[in-house]
Ligand SMILES: Cc1cc2nc3c(=O)[nH]c(=O)nc-3n(C[C@H](O)[C@H](O)[C@H](O)COP(=O)(O)O)c2cc1C
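Numbering (my numbering), first residue to last: 92 to 272.
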C-alpha cells in the first residue's frame with residue numbers, strides 16, 4: 092500500500108466485527124504512530140486502550156449528547172482514549188507560552204498523532220473513527236486521568252463490518268491558493 096492509497100483509502104468506520112484487536116497489532120500501530128512529528132519533539136501523546144466493562148460504561152455514560160457515538164463504541168472491541176501530557180507542547184520551560192497560539196499546539200500535535208494512528212491501523216486492516224463528541228469530564232474521571240493529562244479524543248478501533256463510500260472532498264481550487272508579489 093502506498094502512502095497515497097493509505098491516505099485516500101482510510102475511512103471512518105462505525106461498525107465493527109467481534110474479532111478482537113491483539114496487543115501485538117495495537118503495539119505495532121502505536122509504534123508507527125510514534126513517528127508523527129511534535130512540537131520540539133515533546134511527544135506528549137499517550138494512548139489508553141480500553142476494553143470490557145469500562146469501555147461499555149464510557150459508551151453508556153459519556154455519550155448522552157450524541158447517542159450514535161455510544162453505539163459505535165459498543166460495536167468496537169477496543170476503545171482508544173487519546174490523551175496528552177499538558178503544558179509541554181507550545182510551552183517554555185518556565186511555564187510561559189512560546190507563541191500566541193498559547194496551548195493550541197497541544198491539540199495540534201495530538202491531531203497529527205491521531206491521524207498517524209488511524210493510517211497505521213488502516214494499513215493493518217483495522218478500522219477507526221475519531222470521536223470528538225462525548226462527555227470529556229465524565230470520561231476523564233472513568234479513566235482516572237491524572238491532573239497533568241487531558242483527554243483529546245476517543246478512537247474506537249476494530250475490524251471493519253462496513254465499507255463506507257468516501258464523503259465528497261472539496262476541490263483543489265477551493266483548498267489551495269497562491270500568493271506572490
Ligand atoms: C476531530 C474530529 C472529530 C470527529 N468526531 C466524530 C464524532 O463525534 N462522531 C462521528 O461519528 N464521527 C466523527 N468524526 C469523523 C468525521 O465525521 C469523518 O472524518 C468525516 O465525515 C470524513 O469521513 P472519512 O473519515 O471517512 O473520510 C470526527 C472526525 C474528526 C477529525
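Positions of the beta carbon are idealized from the N, C-alpha and C atoms, including for glycine.
Roughly how many angstroms separate the alpha carbons of residue i and residue j, rounded to a whole number?
i	j	result
residue 153	residue 164	10 angstroms
residue 262	residue 216	28 angstroms
residue 248	residue 271	44 angstroms
residue 251	residue 130	33 angstroms
residue 234	residue 140	10 angstroms
residue 150	residue 243	16 angstroms
residue 97	residue 204	15 angstroms
residue 157	residue 223	10 angstroms
residue 212	residue 103	12 angstroms
residue 193	residue 185	14 angstroms
Tell me where the beta strand (DSSP E) around residue i begins and ends.
i	result
residue 175	169-176
residue 246	240-249
residue 139	136-141
So the alpha helix (DSSP H) residue i belongs to, where does it begin and stop?
i	result
residue 214	195-214
residue 112	Note, residue 112: premise wrong, no alpha helix (DSSP H); not H, not E.
Relative to the alpha-carbon of residue i, which residue among the options has its alpha-carbon at the smallest distance?
i	options	result
residue 182	145, 196, 169	196
residue 238	199, 180, 206, 176	176
Looking at the structure shown, is residue i part of a helix, part of a strand, or coil, going by DSSP?
i	result
residue 121	helix
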